[in-house]
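In case it helps, the working numbering puts the sequence shown at residues 542 to 601.
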Amino acid sequence: MAVEQNLVCFNTLGAEESWTLDTYQAHDGYVAWRRVLAGELTPEKIVDEVKASGLRGRGG
Numbered sequence: 542m543a544v545e546q547n548l549v550c551f552n553t554l555g556a557e558e559s560w561t562l563d564t565y566q567a568h569d570g571y572v573a574w575r576r577v578l579a580g581e582l583t584p585e586k587i588v589d590e591v592k593a594s595g596l597r598g599r600g601g
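This is the structure we're talking about:
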């Protein structure tokens, strides 16, 4: 059974000049970092978001 994958690390794969900062930012690069700098994301909120995401390590 095939499982749909979310290729977060490869969202610029196939984009023209995928190695450039402009391309990275055009694909929402640094959005979370900007939220941290703006005070929208506190360390507690970041931990809560990771816990709510259900993110697991490679071991399951």
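Note that the Cβ used here is the ideal one computed from N, Cα and C, for glycine as well.
Item	Value
Element boundaries [alpha helix (DSSP H), containing V591]	P584 to S594
Whether V573 touches L582 by CB criterion (8 Å)	Note that residue 573 corresponds to Ala in the displayed sequence, not to Val. A contact, by the Cβ cut-off of 8 Å.
Beta-carbon proximity check, Y571 vs T553, cutoff 8 Å	no
V588 versus V577: straight-line alpha-carbon distance, rounded	13 Å
Which of helix, strand or coil DSSP assigns to Y571	coil
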